[in-house]
Amino acid sequence: MSRLRQGLGGLGPAHSVALDVSELPTYGFGHRSLLWWATASMMIIEGMVFAMVIVSYLYLKGRVPHWPPSGPGPDLIWGTLNTIILLASCVPNALAKKAAERMDLAKVRLWLAVCLVFALAFNGVRALEFTALNVRWDTNAYGSIVWLALGFHTVHVVTDFLDSSVLTALIFVGPIEERRFVDVSENALYWYFVVLTWLPMYAVIYLGPRIA
Amino acid sequence: MTAHREAHPRLTENDPRLDADALERERRLLERTWAGGRGVIAWLSEVDHKAIGRRFIVTAFAFFALAGVLAALMRIQLARPENHFLSPDAYNQIFTMHGTTMMFLFAVPVVLAMGIYLVPLMIGARAMAFPRMLAYGYWMFLFGGIFLYVMFALNIGPDNGWFSYPPLAGPAYSYGKRGDVWAQLITFTEVSGLVVATCLVCTIFKLRTPGMSLNRMPLFVWAMLITSFMVIFAMPSIVISSTCLILDRLVATQFFNQAEGGDPLLWQHLFWFFGHPEVYIIFLPALGMMSEIISTAARRKVVGYMEMILSMTATAFIGFGVWVHHMFATGLPQFGVSFFTASSIMIVIPTAIQIFNWIATIWTARRLQITVPFLYAASFFFVFIVGGLTGVMLASVPLDRQVHDTYFVVAHFHYVLIGGSTFPLLGAIYFWFPKITGRMMGDRLGRISFWLLFAGFNLTFFPMHLLGLDGMPRRVYTYPGAMGWQGLNLLASAGALVIFVSLLVYLVNVAVSLRAGAVAGDNPWGAATLEWATSSPPPPYNFTPQPTVASREPLWHSELRPPAIVGLRPDDREVLVTYLLDAEPDHRYSMPGPSLWPFLAAIATSVMFVWSIFQAQGVVWGSIPVFITLVGWFWPTKGKARLERGVTGRLTARESVS
Numbered sequence: 001m002s003r004l005r006q007g008l009g010g011l012g013p014a015h016s017v018a019l020d021v022s023e024l025p026t027y028g029f030g031h032r033s034l035l036w037w038a039t040a041s042m043m044i045i046e047g048m049v050f051a052m053v054i055v056s057y058l059y060l061k062g063r064v065p066h067w068p069p070s071g072p073g074p075d076l077i078w079g080t081l082n083t084i085i086l087l088a089s090c091v092p093n094a095l096a097k098k099a100a101e102r103m104d105l106a107k108v109r110l111w112l113a114v115c116l117v118f119a120l121a122f123n124g125v126r127a128l129e130f131t132a133l134n135v136r137w138d139t140n141a142y143g144s145i146v147w148l149a150l151g152f153h154t155v156h157v158v159t160d161f162l163d164s165s166v167l168t169a170l171i172f173v174g175p176i177e178e179r180r181f182v183d184v185s186e187n188a189l190y191w192y193f194v195v196l197t198w199l200p201m202y203a204v205i206y207l208g209p210r211i212a
Numbered sequence: 001m002t003a004h005r006e007a008h009p010r011l012t013e014n015d016p017r018l019d020a021d022a023l024e025r026e027r028r029l030l031e032r033t034w035a036g037g038r039g040v041i042a043w044l045s046e047v048d049h050k051a052i053g054r055r056f057i058v059t060a061f062a063f064f065a066l067a068g069v070l071a072a073l074m075r076i077q078l079a080r081p082e083n084h085f086l087s088p089d090a091y092n093q094i095f096t097m098h099g100t101t102m103m104f105l106f107a108v109p110v111v112l113a114m115g116i117y118l119v120p121l122m123i124g125a126r127a128m129a130f131p132r133m134l135a136y137g138y139w140m141f142l143f144g145g146i147f148l149y150v151m152f153a154l155n156i157g158p159d160n161g162w163f164s165y166p167p168l169a170g171p172a173y174s175y176g177k178r179g180d181v182w183a184q185l186i187t188f189t190e191v192s193g194l195v196v197a198t199c200l201v202c203t204i205f206k207l208r209t210p211g212m213s214l215n216r217m218p219l220f221v222w223a224m225l226i227t228s229f230m231v232i233f234a235m236p237s238i239v240i241s242s243t244c245l246i247l248d249r250l251v252a253t254q255f256f257n258q259a260e261g262g263d264p265l266l267w268q269h270l271f272w273f274f275g276h277p278e279v280y281i282i283f284l285p286a287l288g289m290m291s292e293i294i295s296t297a298a299r300r301k302v303v304g305y306m307e308m309i310l311s312m313t314a315t316a317f318i319g320f321g322v323w324v325h326h327m328f329a330t331g332l333p334q335f336g337v338s339f340f341t342a343s344s345i346m347i348v349i350p351t352a353i354q355i356f357n358w359i360a361t362i363w364t365a366r367r368l369q370i371t372v373p374f375l376y377a378a379s380f381f382f383v384f385i386v387g388g389l390t391g392v393m394l395a396s397v398p399l400d401r402q403v404h405d406t407y408f409v410v411a412h413f414h415y416v417l418i419g420g421s422t423f424p425l426l427g428a429i430y431f432w433f434p435k436i437t438g439r440m441m442g443d444r445l446g447r448i449s450f451w452l453l454f455a456g457f458n459l460t461f462f463p464m465h466l467l468g469l470d471g472m473p474r475r476v477y478t479y480p481g482a483m484g485w486q487g488l489n490l491l492a493s494a495g496a497l498v499i500f501v502s503l504l505v506y507l508v509n510v511a512v513s514l515r516a517g518a519v520a521g522d523n524p525w526g527a528a529t530l531e532w533a534t535s536s537p538p539p540p541y542n543f544t545p546q547p548t549v550a551s552r553e554p555l556w557h558s559e560l561r562p563p564a565i566v567g568l569r570p571d572d573r574e575v576l577v578t579y580l581l582d583a584e585p586d587h588r589y590s591m592p593g594p595s596l597w598p599f600l601a602a603i604a605t606s607v608m609f610v611w612s613i614f615q616a617q618g619v620v621w622g623s624i625p626v627f628i629t630l631v632g633w634f635w636p637t638k639g640k641a642r643l644e645r646g647v648t649g650r651l652t653a654r655e656s657v658s
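In structure tokens form, the structure reads like this:
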């Protein structure tokens, strides 16, 4: 690159000096791709929303003497099970990402399909989680914020399932370009985000009522 | 990540592709590849950042005009005591609509729109990143605004003020759909703002032309980058607060209901954690415009490039730590309040640094040209500083509690926002009008309009300081004659008339200049940045050949003659993606072309948003068309053709990427 910098900075009046980029590739993975930055922006935006939900939860918790104000906290069983499923889904997700970056079409198809099975599982268990919250959203502010927290993360697992399904369909029926593999790689990044944001949400929803 | 690749950009001498004939051939090909079609469908499918930027600007100014009419109605009502021109209910809707429109449908969209139009040109890029998402952002903004005004016409316009405090805006005191309309309008503008901010960040980070390292970016581009980050970090807060408010109203959640463990103050915290940065989101792009206008008028670079950037960044950071100064009257603990007084006063420092730098720039000008844009920029020094000084006054708790909710606050924020953003913006429109339209705006009408606005603005808003100190509360539809406020109110109303005339002159100037203005040429002001290197108006592909830069003021250092880019395919919408810090060439990226899907997706989203405030299941059923349109949008249609033409096709060569 030093060659280039000299060229840009110190060239004389030769008018027809050109920088020929025709040999450059048509895609790049990771931070080199535009899509990576858009995904990062999405993650910051939604990460901020999650943070605001947590702040609101703690704010409301601090305003009342007992938390939950009445009744028990949510049952641990489904939420904990789902945490395990979500964390486990990182394995096929990592393999899909790796296969995408090697541009191994067969492996990408395989691991994306496995990811979808996991997504189906955690969407199903998520439905059960709502039945075990032991509070309605309109009972009190505690119920409202718990439903909001779980609901907002649920929007993410549902949309992640839907967009991964579309991407998987695309990978199976083509046309396959290099940038499809970049899409798979960025989709996997977003998947990690959905899983990792669940951990603080789990702590807030399930452990929040259990600590003084 | 270290990428090992054989392919490097190469410098070639006497490249035949830069011969006049070759360039002409390339231009014809580019024209065919990048031009939008004709007809309604093509118009709705447009993805060119310049077309979308223009539409954004025009739409935002249309809302500005509507908000101005509402303001005029308020000034007529307040011109004399115990007036019955407007009913209290109409007045409540009108001041809410005025504030909501100015903040959410004018001030923020218009500054982002200036970035949409100018940033790719300033950084030497052929297009903006994610052009379809950009189009979607525009349609969401337009549909949100139309939704608000249709509701207003149906007498269900919001009436709780532009910050919509519960419990007044909650289910217990605000019946009907008015509060929901406000909360859902916010959703529309959030989507639009976040989408545009993301496009801007990606464009600025990844599409700068080679040579434009971060420390060679024009100050306006820096301002847009920082602003976009502020949008990304601030808007989530209002996403949550407006969601909680509408849930309280529609499905009986208890977030802001004191009786069930909720807290109206939570709304204020969440709203102002967004609302105060919002002020800087409006203000920072104006600072960038100021720098470009002043530097061009003074014919020298702005004094203290690095200090300017650090000051803008500092303003952005501190801007997130001052929100409680909107809540001094709510009885928060003394210690917390003191902290926010300190941070509110601290934010003066970076702003002052910038103002001193501009003064130094003007002071040391080569030969200062008092152009109309310069007049607007210079008026900032007076108008904004008055607003800044009253801001420092309001940061102190005792004074704030005395004048809280009075016209003193109204005067303060109009000085800050109009002086800090709208004056520079009107100057910026005048400044970049030749680039956008190919014609100059009239100088004489420009000066008349400026001086009328300057006089009218001060005549309207200065008396409001005095009214506020005298105790006149804001948001009252009338006042008794015995209060002795009629003289100053009449003066303010007369000032509003002068503002109205000045903006009319501005509009006439725009209309006349569009048809009969002097032809501008590429660089009528002798400015330094890349947008002036291309024709006025620019072609759909912005540049050919794409220039590179070797300094911060490329057009003032033509002796450096950095190489031009060759090798981007003219038969495909290829742009050059570069590395973040030093903008070294990385890869060629094929941009998506025109598409109707963003428009359809925006319609589907709007239907879902509007449906959901009338029926909760609208969220569920309305999301199905949204999903369908998004799939249609993302389903690749070009890929096969590209493969067949051999545009891509390195699939077999497995490359190591980490």
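Residue numbers (our numbering), protein chains in the order written: chain A, 1 to 212; chain B, 1 to 658. Cβ atoms here follow ideal geometry from the backbone N, Cα and C, with glycine treated the same way.
For residue i, go through chain B and note every residue whose CB falls closer than 8 angstroms to its CB, in chain order.
i          : result
Ser-89(A)  : Within 8 angstroms Cβ-Cβ: nothing; Ser-89(A) doesn't reach chain B, min ~22 angstroms.
Met-201(A) : Near Met-201(A) there are no residues of chain B at all, since even the closest Cβ is about 14 angstroms away, more than 8 angstroms.
Ser-56(A)  : Ile-240, Cys-244, Phe-255, Leu-266 and Leu-270
Pro-69(A)  : Gly-261
Using a cut-off of 7 angstroms between C-beta atoms, extract the partners of residue i located in chain B.
i          : result
Val-146(A) : In chain order: nothing, as chain B lies at least about 11 angstroms away.
Asp-160(A) : Correct list: empty, because the minimum Cβ distance to chain B is about 13 angstroms.
Arg-63(A)  : Gly-261 and Asp-263
Against residue i, what residues of chain E qualify as contacts under a CB-to-CB distance less than 8 angstroms, listed in chain order?
i          : result
His-587(B) : The displayed structure is made up of protein chains A and B, and chain E is not among them.
For a contact meaning CB atoms closer than 9 angstroms, what does residue i contact in chain A?
i          : result
Thr-253(B) : Trp-137, Asp-138, Ala-141, Gly-143, Ser-144, Ile-145, Trp-147 and Leu-148
Glu-13(B)  : Ala-14, Ser-16, Val-17 and Ala-18
Going by the DSSP bridge assignment, what does residue i pair with across the sheet?
i          : result
Val-201(B) : In the DSSP output, where bridge partners are listed per residue, Val-201(B) has none listed.
Thr-574(B) : Residue 574(B) is actually Glu in this sequence, not Thr. Bridge partners of Glu-574(B): Ser-590(B).
Val-519(B) : Arg-439(B)
Asp-20(A)  : Arg-10(B) and Val-566(B)
Thr-131(A) : Bridge partners of Thr-131(A): none, in fact.
If you reduce the DSSP assignment to three classes, tell me which class residue i lands in.
i          : result
Leu-265(B) : helix
Tyr-183(A) : Reading off the sequence, residue 183(A) comes out as Asp, not Tyr. Helix.
Thr-26(A)  : coil
Leu-581(B) : coil
Arg-475(B) : coil
Thr-253(B) : coil
Ala-125(B) : coil
Arg-210(A) : helix
Thr-209(B) : coil
Thr-637(B) : coil
Thr-406(B) : strand
According to the neighbour-count rule (16 or more other Cβ atoms, all chains shown, within 10 Å of its Cβ), is residue i buried or exposed?
i          : result
Phe-48(B)  : Position check: residue 48(B) holds Asp in this sequence, whereas Phe was assumed. Buried, by the Cβ-count rule.
Asn-93(A)  : buried
His-326(B) : buried
Arg-210(A) : exposed
Ala-14(A)  : Low local confidence applies: a pLDDT of 45 at Ala-14(A) is under 50, so the model's placement there is unreliable, with the coordinate-based value given in what follows. With fewer than 16 Cβ atoms within 10 Å of its Cβ, Ala-14(A) is classed as exposed.
Could you tell me which chain A residues have their CB closer than 7 angstroms to the CB of residue i, listed as they occur along the chain?
i          : result
Ser-590(B) : Thr-26
Arg-17(B)  : Ala-18
Arg-25(B)  : Near Arg-25(B) there are no residues of chain A at all, since even the closest Cβ is about 15 angstroms away, more than 7 angstroms.
For a contact defined as C-beta to C-beta under 9 angstroms, what are the partners of residue i on chain B?
i         : result
Leu-60(A) : Phe-255, Gly-261, Gly-262, Asp-263 and Leu-266
Trp-37(A) : Ala-129, Thr-198, Val-201, Cys-202, Phe-205, Lys-206 and Leu-580
Met-52(A) : Pro-236, Ser-237, Val-239, Ile-240, Ser-241, Leu-270 and Phe-273
Residues of chain A with CB closer than 8 angstroms to the CB of residue i, please, in chain order.
i          : result
Arg-10(B)  : Leu-19, Asp-20 and Glu-23
Ile-355(B) : Under the 8 angstroms cutoff, chain A gives no residues; its nearest Cβ is about 31 angstroms from Ile-355(B).
- Item | Contained beta strand (DSSP E) runs [length at least 3] in the stretch 289 to 322 of chain B, N- to C-terminal order | You should have found no qualifying run.
- Which runs of the beta strand (DSSP E), 3 residues or longer, sit entirely within the stretch 526 to 578 of chain B? The beta strand (DSSP E) runs lying completely inside the stretch 526 to 578 of chain B and spanning 3 residues or more are 564 to 566 and 574 to 578, given in chain order.
- Every unbroken alpha helix (DSSP H) within the stretch 18 to 94 of chain A, with a cutoff of 4 residues, ordered by chain: Counting only runs that start and end inside the stretch 18 to 94 of chain A, the alpha helix (DSSP H) elements of at least 4 residues fall at 34 to 61 and 76 to 88.
- Item | Segments assigned alpha helix (DSSP H), at least 4 residues, entirely inside the stretch 346 to 384 of chain B | DSSP assignment within the stretch 346 to 384 of chain B yields the following whole alpha helix (DSSP H) runs of 4 residues or more, N-terminal first: 348 to 363.
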